[in-house]
Each structure stands twice: as structure tokens, then as C-alpha cells.
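Below: the structure, in C-alpha cells.
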Amino acid sequence: MNWLLEPLQYDFIVRALLAAVVVGLVCSILGVYIVLRGMAFLGDAMAHTILPGVVIAFLLGWPLAVGALIMGVLTALGIGALTERTSLKEDTAIGVIFAGLFALGVAMLSARGSYSIDLAHFLFGNMLGVSTGDLILTSALGFIVLALIYLFYKEFLVLSFDPLLAETLRLPTRFLNYLLLLLIAVTIVVALQVVGVALMLAILVTPAASASFLTRRLPSMMIVSAVIGVFSGVAGIYASYYLNIASGPAVVLVATLVFLAVLGLAALRGRRSPPATGLEAGPEAP
Amino acid sequence: MKRTIHMPHEPGTPALEMQDVWVNYASRLSPGNGGARHALEAVTFRVERGERVAVVGPNGAGKSTLFKVIAGTLRPDRGRVTIFGHGPAGHFCIAYVPQRNQVDWNFPVTVEDVVMMGRVRQIGLLRRPGKSDWATVHAALERVDAAALTHRQIGELSGGQQQRVFLARALAQEAELVLMDEPLNGLDIPTQEAIIGILDDLRRDGVTVLLATHDLDLAAERFDRIMLLNRRVVAFDKPGAALQSGNLLHAYGGHLHRVEDGDGLLITDTCCDGE
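Those sequence lines, one after another, are chains A and B. When the letters of the first sequence are read in order and numbered with my numbering, they come out as residues 1 to 286. When the letters of the second sequence are read in order and numbered with my numbering, they come out as residues 287 to 561.
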């Protein structure tokens with residue numbers, strides 16, 4: 001058991017582990033909605049669009065999360081408005097905003113001498129540089145995200161499964177759609193330091209995708225996804241410590257290995273995808 | 287049970303009334319697409335409470351658009367829609383049973399979860415389903431003869447079972463106006479009959495049903511009135527009068543194959559996928 005305890009003598013490892021637990025929990029639970037609603041591209045894009053906000057905060061010496069949060073909220077509102085007001089397809093609207101803002105962030109950063117190191121940290125995370133202040137802010141934001149997912153559980157469920165029902169029940173669908181975009185933005189901010197911009201998508205969708213093979217109801221899918229997310233975070237830090245590899249990629253690789261294992265398990269059980277669709281289902285019961 | 291504030295239903299008013307309703311396709315900003323094309327033109331009709339109406343027309347006739355306007359999820363560009371005497375906005379007594387290909391059958395929910403979704407509005411924001419909500423859900427499943435399916439994952443259901451579950455959801459919603467978008471496509475005759483049997487049961491409670499279908503025989507035999515729709519209301523009458531061949535030709539044009547045999551008219555539509 002010594003190998004489990006050995007890394008804990010370093011404070012920065014302990015902080016990294018705590019951060020990985022928070023990120024694993026929040027990302028994998030919100031990720032369930034991203035997977036179910038097919039918002040993976042949007043999630044990836046939002047992770048990239050916050051870069052200019054982070055860079056500005058970095059250059060001004062503000063906490064990075066503040067810049068990321070402002071930019072994330074603006075992007076969420078911008079994408080929402082662009083798809084609502086024009087007939088541009090959502091993925092086109094996202095693509096336009098995504099690439100433009102990412103380029104802006106990289107351009108601003110490239111004016112500095114330490115360009116490549118800074119860029120690497122933003123792109124792939126710098127988990128071992130998490131301060132106590134970062135940890136507190138991350139936990140607070142993560143708690144807010146989880147609380148809102150809990151409070152609006154049944155409304156988000158209806159909106160994800162049957163948006164028309166949400167409208168005929170006269171639920172506040174616009175508010176809920178924007179709220180979900182905001183939650184994604186805040187979650188990305190939470191995970192920024194741990195996995196970075198480029199690998200964000202993996203931590204959002206991979207645990208949830210694994211969970212979708214193992215579960216039949218939304219609450220259990222969230223729990224299984226959370227367990228996989230937290231495990232990937234913690235195991236990734238240990239892998240990073242012992243194999244001397246970067247922590248963000250290590251976390252993502254563990255999550256991917258879990259996914260492959262689950263996929264193999266599902267294939268062995270003859271269930272390569274979630275249950276058959278109704279159109280292929282068996283004969284009508286009397 | 288907790289009563290929620292609901293748009294009042296004026297006594298003596300029809301379940302549904304439309305006056306000169308127009309819907310354009312190109313009503314949103316769209317690059318390279320000038321000129322409005324109408325999905326619905328000058329649609330005017332009324333449906334009394336408890337009536338069962340079949341909405342019939344070729345693909346692209348605007349059946350789904352009509353239902354969305356009634357449900358209040360699509361605002362018409364012109365005209366007035368009244369549900370039990372008021373505009374659609376405040377009502378949550380309208381149930382929309384979606385076409386089968388509009389539902390993600392792999393979604394991780396069980397049958398009772400889907401039926402409970404019908405109660406989300408009555409339960410209210412920030413609240414959890416209570417005992418009475420579960421009782422309503424289970425009673426609804428009982429009533430459509432689907433109690434045995436309660437804990438099934440929805441991907442495991444057959445076509446007929448799917449329709450029962452969505453009808454149970456409409457019951458749990460305490461819907462008084464039910465819109466069904468081609469629910470009978472691809473179902474065998476006994477299953478169709480079973481679904482119609484549930485609609486008979488709903489009618490005894492005064493529930494009004496509009497059902498889009500391609501099956502003219504079924505529309506003629508089991509519905510009070512038939513609306514022939516092809517962007518305009520071509521006919522809206524008792525089955526015998528609505529399905530006169532002049533009306534049918536007008537509604538279907540060249541898409542209709544008419545085979546006249548000894549004792550009647552056999553009519554087949556060229557296709558039957560969703561609009």
C-alpha cells in the first residue's frame with residue numbers, strides 16, 4: 001500500500017488529487033447531458049472559445065477562472081443567440097465562433113516570450129500547479145453546477161428527452177437551454193487547470209459514454225459516470241507521478257482505457273450499443 | 287392533490303378553433319432563400335369537445351405544422367388559435383404524441399420515467415414527484431393496459447407499446463386535447479384497434495383527439511370527422527362527405543392511386559414517412 005501513500009507526502013500532489021476528484025465528479029455528471037443531447041461538438045468549441053478570456057486574465061494577473069468564466073458566459077449567450085436568430089445550422093454557428101476566438105487567444109499569447117510553455121499549460125492543463133485558492137474556487141463553482149443539476153433535474157430530463165413536451169408543458173425552455181449552456185461554460189472553467197482546453201472534451205464525454213453502456217436510467221448513468229470520472233482523475237494523477245507523464249493526458253488516457261474496457265465488456269455480452277430501437281423490437285404483446 | 291394555476295376553460299367554447307391561420311416557411315432569416323412559401327394557408331375550422339378527428343393529407347401537407355401551431359410550439363404568422371376559449375400560450379392541457387422517429391429510444395429512461403414526465407408541470411419547479419404523482423402515473427399505465435411494462439427500458443418496447451406509453455403520459459398530464467402525429471404507421475391491425483380502443487376510453491372522459499394518419503379506411507370507420515389537409519383545409523366533414531373523390535383529388539392531386547373495384551374505392555398514398 002506504500003505506493004498509494006508515497007505521493008501524498010507532497011502538498012502539490014494532494015491538491016492535484018483533490019482537484020482531480022472535483023473535476024472528475026462535475027464533468028462526468030454534466031457530461032451525461034452533453035452525451036444524451038449530442039452536444040459534444042458544442043462542448044469542445046466552448047472549451048476553445050474561453051482561451052482569449054484566460055489569456056487576458058493571465059496577462060493582467062487576474063485569477064484565470066475569472067477570465068474564463070466571463071468568456072464562457074459570453075460564448076454561451078452568443079451561440080444561443082446566433083442559432084436562435086438566424087437560420088445558420090448550430091454547428092456552423094459554433095464553428096465560426098469557436099475558431100475565431102481560439103485564434104484570438106493564441107495570437108494574444110504568441111506576443112509573449114514564454115509562448116510555448118504558457119500555451120502548453122492552457123492546452124493540456126497544469127494540474128500540478130493548482131494552488132489552494134484555485135482549489136477553493138474550483139470546488140465552489142463545481143458545487144454550484146451540481147446543485148443546479150440537482151434542482152432542475154426533472155426539467156433537464158424532459159428538455160433532453162422530448163423538447164416538444166417541455167414546450168407543451170410550458171416549461172421555461174429558453175431559460176433552461178441557456179442555463180445548460182452556462183453550466184457547460186462553468187464546468188469547463190472548473191476543469192481548465194486540470195485537463196486544459198484541448199483535452200476538455202474527453203473528460204466531458206468519455207466517462208458518460210462509458211456509463212451509457214452500463215446503465216438504463218438517468219440517475220444510475222450519472223452515478224456510474226461520476227465514479228468513472230473520479231477514478232480516472234485519481235488514477236491519472238498516480239500514473240502521472242509514477243510514469244513521469246503529463247497529468248492532463250494521463251487522466252484522459254485512464255478514462256479512455258475505462259471506455260475501451262466497458263466497450264469490450266458490452267461486446268462480450270452481445271450488446272454493442274444501448275438496447276435496440278423500438279422499430280426493431282420484438283412482436284407485439286397481446 | 288395540489289392544484290396548479292391553469293388557463294381557465296371557458297364553458298361552452300369549442301375545444302379548438304382556428305381562424306385564418308397562415309404559417310410561412312421562410313419566416314426566419316435565411317441566406318439565399320427569398321420569398322415566403324406557405325406551410326399553412328388560411329386554415330379555419332373548429333373542433334368540439336370530445337370529438338375525434340382524423341387529419342389526412344399527402345406528405346408535406348402541413349399536418350405536423352398544424353399540430354405544432356395547435357400545441358403552441360409554433361407561432362402562426364397570421365390568424366388566431368383558441369383552445370377552450372383562450373390562446374394556446376397558457377395551456378398545458380395539450381398533449382403532443384410525437385412521431386416515432388422523433389424519439390430517442392436509446393435514452394436511459396424506463397416507461398414510468400417517461401409517463402412521469404407528463405406530470406413535471408403539475409409537480410412544479412424545484413419539487414420532486416410525490417406519492418400522488420406516482421399513483422397518477424401507475425393508474426395511467428393501468429388504464430392503457432401497460433402496467434406490466436412499468437420498469438422496462440423504453441428501447442425494449444414494440445411499436446404498439448410505445449404508443450400506449452405515450453398515451454399514458456398524456457393521461458398523467460391530465461391532457462384534454464391530444465395530438466397524435468401518425469401514431470398508427472407500421473402497426474398491425476389488432477394493435478391499431480387496441481390503440482383506437484384506448485381513444486374510445488378517453489372519449490368517455492371528454493378528451494378531444496386529433497390524429498394524423500395516412501389510412502383513409504381507418505379514418506372513415508373510426509373517426510367522427512375527417513380533415514383533408516393540403517396546406518389549406520380542403521374538406522372538414524363527416525367521413526362520407528369529406529372523402530368524396532373530388533375532395534380527394536383536390537387534396538392529393540397526382541400522388542393518389544385510385545383503384546376502383548366492385549364495392550368501393552381503394553386508395554393508396556404514395557408514401558408514408560414523416561413530413
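Heads up, the beta-carbon is just placed ideally off N, CA and C, and yes, glycines get one too.
Counting contacts by CB-CB distance shorter than 7 Å, is residue 361(B) in contact with chain A?
Using a CB distance cut-off of 7 Å, residue 361(B) does not count as an interface residue toward chain A.
On the DSSP bridge list, what partners appear for residue 5(A)?
Note: residue 5(A) sits in no beta bridge, so no partner.
Give the residues of chain B in contact with residue 217(A), contact being defined as C-beta atoms less than 9 Å apart.
Simply 394, 395, 396, 399 and 439.
So residue 323(B) and residue 300(B) are in contact, right, with Cβ under 8 Å, and what is the actual spacing, rounded?
Taking a contact as a CB-CB distance under 8 Å, the pair residue 323(B) and residue 300(B) does not count as one, their CB atoms being some 30 Å apart.
According to the neighbour-count rule (16 or more other Cβ atoms, all chains shown, within 10 Å of its Cβ), is residue 316(B) buried or exposed?
The pLDDT assigned to residue 316(B) is 48, lower than 50, so where the model puts this residue is not dependable; a value taken from the coordinates is nonetheless given after this. By the beta-carbon neighbour count (other beta carbons within 10 angstroms, threshold 16), residue 316(B) is exposed.
Rounding to the nearest angstrom, what Cα-Cα distance links residue 228(A) and residue 496(B) in this structure?
Rounded to the nearest angstrom, the two C-alpha atoms are 46 Å apart.
Taking 6 Å as the limit between beta carbons, can you name the residues of its chain near residue 57(A), skipping five residues before and five after?
So the qualifying residues of the chain are 64, 66 and 67.
Who are the near neighbours of residue 180(A) in its chain, counting only those whose CB is closer than 7 Å to its CB and skipping five residues on each side?
In its chain, beyond the 5 residues on either side, 33 and 156 have a beta carbon closer than 7 Å to the beta carbon of residue 180(A).
Unbroken beta strand (DSSP E) run spanning residue 348(B), endpoints:
It is not in any beta strand (DSSP E) - residue 348(B) carries neither H nor E in the DSSP assignment.
To the nearest angstrom, report how far apart residue 519(B) and residue 82(A) are at their CA atoms.
Each residue's Cα considered, the two are about 35 Å apart.
Let me know if residue 452(B) comes out buried or exposed under the rule of 16 or more other beta-carbons within 10 Å of its beta-carbon.
With a threshold of 16 other beta carbon atoms within 10 Å, residue 452(B) meets it and is buried.
Indicate whether the contact test is met: 3 or more Cβ pairs, each with one atom in the segment 444 to 463 of chain B and one in the segment 396 to 403 of chain B, closer than 8 Å.
The segment 444 to 463 of chain B, when compared against the segment 396 to 403 of chain B, does touch it at the 8 Å Cβ threshold.
Assign residue 48(A) to buried or exposed, taking buried as 16 or more other Cβ atoms, counted over all protein chains shown, within 10 Å of its Cβ.
With 16 or more Cβ atoms within 10 Å of its Cβ, residue 48(A) is classed as buried.
Output needed for residue 305(B): all residues of its chain with C-beta closer than 7 Å, excluding positions within five of it in sequence on either side, in chain order.
Excluding sequence neighbours, residue 305(B) sits near 330, 365 and 366.
Hey, would you say residue 311(B) sits closer than 7 Å to residue 164(A), going by beta carbons?
No. Outside cutoff.
Cβ neighbours of residue 211(A) in the same chain (closer than 6 Å, five flanking residues each side left out)
So the qualifying residues of the chain are 221, 224 and 225.
Every unbroken alpha helix (DSSP H) within the segment 354 to 394 of chain B, with a cutoff of 4 residues, ordered by chain:
Runs of the alpha helix (DSSP H) lying entirely within the segment 354 to 394 of chain B, each at least 4 residues long, are absent.
Just the Cα atoms here: how many angstroms apart are residue 75(A) and residue 50(A)?
A straight-line Cα-Cα distance of about 8 Å links residue 75(A) and residue 50(A).
Can you grab the Cα-Cα spacing for the pair residue 445(B) / residue 473(B), in whole Å?
Straight-line spacing of the CA atoms in residue 445(B) and residue 473(B) works out to 7 Å.
Buried or exposed for residue 242(A), please, with buried defined as at least 16 other CB atoms from any protein chain shown within 10 angstroms of its CB.
Exposed, by the Cβ-count rule.
Enumerate in chain order the residues of its own chain whose CB-to-CB distance from residue 205(A) is below 8 Å, with the five nearest sequence positions on each side excluded.
Closer than 8 Å at Cβ, skipping near neighbours: 31, 34, 35, 40 and 43.
Would residue 156(A) pass as an interface residue toward chain B - the criterion being a Cβ-Cβ separation below 7 Å?
With its beta carbon at least 7 Å from every one in chain B, residue 156(A) lies outside the interface.
The segment 164 to 176 of chain A: which residues have C-beta closer than 7 Å to a C-beta of chain B, in chain order?
Cβ contacts with chain B: 164, 165, 167, 168, 169, 170 and 171.
Any contact between the segment 159 to 178 of chain A and the segment 112 to 127 of chain A? By contact I mean 3 or more CB pairs, one from each, below 8 Å.
Contact fails: fewer than three Cβ-Cβ distances are below 8 Å.
Between the segment 140 to 148 of chain A and the segment 7 to 15 of chain A, can you find at least three pairs of beta-carbon atoms closer than 8 Å?
No, because fewer than three Cβ pairs between the segment 7 to 15 of chain A and the segment 140 to 148 of chain A fall closer than 8 Å, the two stretches do not touch.
Rounded separation between residue 314(B) and residue 84(A) - CA only:
Low per-residue confidence applies at residue 314(B): pLDDT is 48, beneath 50, and the placement is therefore not dependable, though the value from the model is reported in the following sentence. Residue 314(B) and residue 84(A) have their C-alpha atoms some 9 Å from each other.
Taking only three categories from DSSP, how would you classify residue 306(B)?
Of the three classes helix, strand and coil, the one that applies to residue 306(B) here is strand, per DSSP.
Consult DSSP for residue 198(A) and reduce its assignment to one of helix, strand or coil.
Correct three-state label for residue 198(A): coil.
Pop quiz: residue 72(A) and residue 203(A) are said to be a contact at Cβ under 8 Å. What is the actual Cβ separation, rounded to whole angstroms?
For a cut-off of 8 Å, the C-beta gap from residue 72(A) to residue 203(A) is around 16 Å, too long to register as a contact.
Can you tell me the Cα-Cα spacing of residue 368(B) and residue 46(A), whole angstroms?
Spanning the two alpha carbons is a distance of roughly 42 Å.
Classify residue 299(B) as helix, strand or coil using the three-state DSSP reduction.
Reduced to three states, the DSSP call for residue 299(B) is coil.
Mapping DSSP to helix, strand and coil, what is residue 500(B)?
Coil at residue 500(B), not helix or strand.
Taking 7 Å as the cut-off, decide whether the C-beta atoms of residue 251(A) and residue 264(A) are in contact.
Result no, Cβ atoms of residue 251(A) and residue 264(A) do not sit closer than 7 Å.
What residue does the beta strand (DSSP E) around residue 467(B) start on, and which one ends it?
Run containing residue 467(B): 463 to 467, per the beta strand (DSSP E) assignment.
Residue 515(B): first and last residue of the uninterrupted beta strand (DSSP E) it sits in:
It spans 511 to 516 - the beta strand (DSSP E) in which residue 515(B) sits, taken as one unbroken run.
Using only alpha-carbon positions, find the residue among 428(B), 297(B) and 370(B) that is nearest to residue 397(B).
Looking at the Cα atoms, 428(B) is the closest of the given residues.
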